[in-house]
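There are 2 protein chains.
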Amino acid sequence: MRLLIADDHGLVRDALSSHIERQAPGAVVVGAASVDEAVVALRQDKAIDLLILDLRMPGMNGLDGLQRVRTEFPLLKVALMSGLARPDEIRGAFTRGAVGFLPKTLSATELLSAIQTMLAGERFIPADVNTADTADGASFTRREREVLDYLLQGRSNKEIARSLELEEVTVKLHVRGICRKLGAKNRTQAVMRAVEMGIAS
Amino acid sequence: MRLLIADDHGLVRDALSSHIERQAPGAVVVGAASVDEAVVALRQDKAIDLLILDLRMPGMNGLDGLQRVRTEFPLLKVALMSGLARPDEIRGAFTRGAVGFLPKTLSATELLSAIQTMLAGERFIPADVNTADTADGASFTRREREVLDYLLQGRSNKEIARSLELEEVTVKLHVRGICRKLGAKNRTQAVMRAVEMGIAS
DNA sequence: GGTTGCTCTATCCAAAAGGATAGACCAATA
DNA sequence: TATTGGTCTATCCTTTTGGATAGAGCAACC
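Protein chains in written order, with this note's numbering: chain A, 1 to 201; chain B, 202 to 402.
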């Protein structure tokens, strides 16, 4: 079993590899501090079974880093790891071919069994991550959903109106509807609620 | 040697303790997921030699958590640990009596020697902490960081002013500073940038 | 037919946010 | 000593946002 852990925190990297190598005899863990380093390591070492990619690190740029790795090494198993991830990121990781998502709240023993699961060819999705769409909570109308997309980019009512070919008043109407449904006092709070609830697409 | 590691990421906690216990025979490492849990553990276990506190975790609230621990356990050695190391926070940690600052970019062996150093009664200050000012993207001042925390809750300038006992104008000043540093046009865009960059914790 | 929900627009108004400029204090530093 | 950076405040001003109220078109449904 050969693992490559890509995380810009040397401490996390070393501690993880040390732990895994102790708990799983025969395991070899290699480290990388960026996506670039990971790619170099993968080119040199064709025997790597699983790559664990930190979501927030140099070269990741959202899920671009995952995309890059998947494009160059389409057969490689890749798992994402993150302390704080938005549900849309988790969904995006799986649609881009990741075999697992590892929140850092996982215990070390859970991590080991997750690695076993993924090496066995299964996907690992922890129970507490919310990958669900908007089934729960607020239900938006078509327009509200569109406006919310722009809100999540921090656009002003005027900009949204121009983009959707509406009057500014109408945009305000939908913004108010969104805030009401999310229990938010203003657009900024609405955006944060949306992120927390994983509505952010 | 008894260590208490307070970090809300179970993975980091377990991996670190596993590593330390292997490298330093006789060491006992206890974990806590929040400042509250750490305080409870410290009350029960009077033999703890060193507390390692993650800077970004529930109950920390800047350096308040450190202050709390120092007030209740003035003789305890406390080291801070953090992924992003900003000079003002590091200085603040030392003025509040911390015996060391551990950036997560440290290697695991460096960590072990840092622990030895601190247990021997010396302070541990990594070499690169003063130069690593604007390493990755935005570096906020103390006030900006406080204001950003409220921005991330969708609070208005007036509310923030009341909470921080400032005038509204001053809050606006800091909000503008935050937006400038994040390249955001307004507060909503600023919070989204912060979320995307993983500054929101 | 009538009702309901989504849509769009309009006209008000008040509050909040954003921006510019300027003065002042203090601590650290060159 | 002079300077710089962070902090706080003030006075202007414009733009944006939020909120209320009201009217109208349209499609789905009972």
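We treat Cβ as the ideally placed atom computed from N, Cα and C, and that holds for glycine.
What would DSSP say about residue i, mapped onto helix, strand or coil?
i      : result
M192/A : helix
I194/B : Shown here, chain B extends from 202 to 402; a query on residue 194/B therefore has no answer.
G100/A : strand
A207/B : strand
L152/A : coil
F94/A  : helix
L254/B : strand
V241/B : helix
M398/B : helix
Taking residue i as the reference, which of the options has the closest Cα?
i      : options                        : result
D8/A   : A24/A, V28/A, I52/A, K46/A     : I52/A
I5/A   : R22/A, S163/A, V39/A, L173/A   : V39/A
G100/A : I125/A, L111/A, S113/A, A120/A : I125/A
Q224/B : Q354/B, R343/B, L312/B, M398/B : L312/B
G121/A : I199/A, V175/A, V78/A          : V78/A
F94/A  : L80/A, N157/A, P103/A, K104/A  : L80/A
S340/B : K382/B, P259/B, E347/B         : K382/B
S156/A : G355/B, R343/B, Q390/B         : Q390/B
R343/B : P259/B, V396/B, L264/B, S219/B : L264/B
A234/B : T105/A, Y150/A, L119/A         : T105/A
G355/B : Y150/A, L119/A, V195/A         : V195/A
For residue i, which residues in the same chain have their Cβ closer than 8 Å to its Cβ, ignoring the five residues on either side in sequence?
i      : result
M60/A  : V35, L53, D54, L66
L243/B : L205, I249, L252, V270, E273, F274, L277
N433/B : What is shown of chain B runs 202 to 402, which leaves residue 433/B out entirely.
A362/B : E368, E369, T371, V372
D246/B : R203, L205, V231
V109/A : Note on residue identity: the sequence assigns Thr, not Val, to residue 109/A. If we look at T109/A and ignore the five residues flanking it on each side, its Cβ neighbours are Q23.
S283/B : D255, L256, R257, E290, F302, L303, P304, K305
L320/B : M202, D250, L251, K278
P259/B : D209, A234, S235, V236, D237
Would you mind reading off the limits of the alpha helix (DSSP H) that contains residue i?
i      : result
M282/B : Here M282/B belongs to no alpha helix (DSSP H); instead the beta strand (DSSP E) covers 278-283.
L217/B : 211-224
S314/B : 309-320
S364/B : 358-365
K382/B : 369-383
G266/B : 265-273
Can you give me the Cβ contacts of residue i inside the same chain, cut-off strictly under 6 Å, excluding the 5 residues immediately before and after it?
i      : result
I115/A : none
T117/A : F124
I20/A  : A27, V29
E37/A  : none
K158/A : E168
Y351/B : I361
P25/A  : none
Along the chain, where does the beta strand (DSSP E) that runs through residue i open and close?
i      : result
A233/B : 229-233
So, residue i versus residue j, is the Cβ gap smaller than 7 Å?
i      : j      : result
V28/A  : R56/A  : no
G211/B : S107/A : yes
L349/B : A15/A  : no
V191/A : L152/A : yes
Among the residues of its own chain, which have a CB less than 7 Å from the CB of residue i, if the five just before and after it don't count?
i      : result
R451/B : In the structure as shown, chain B starts at 202 and stops at 402, and residue 451/B therefore has no counterpart that could be examined.
E144/A : H174, G177, I178
A184/A : A190, R193
V146/A : The identity of residue 146/A in the sequence shown is Glu, whereas the question assumes Val. Here the set comprises L164.
G92/A  : L63
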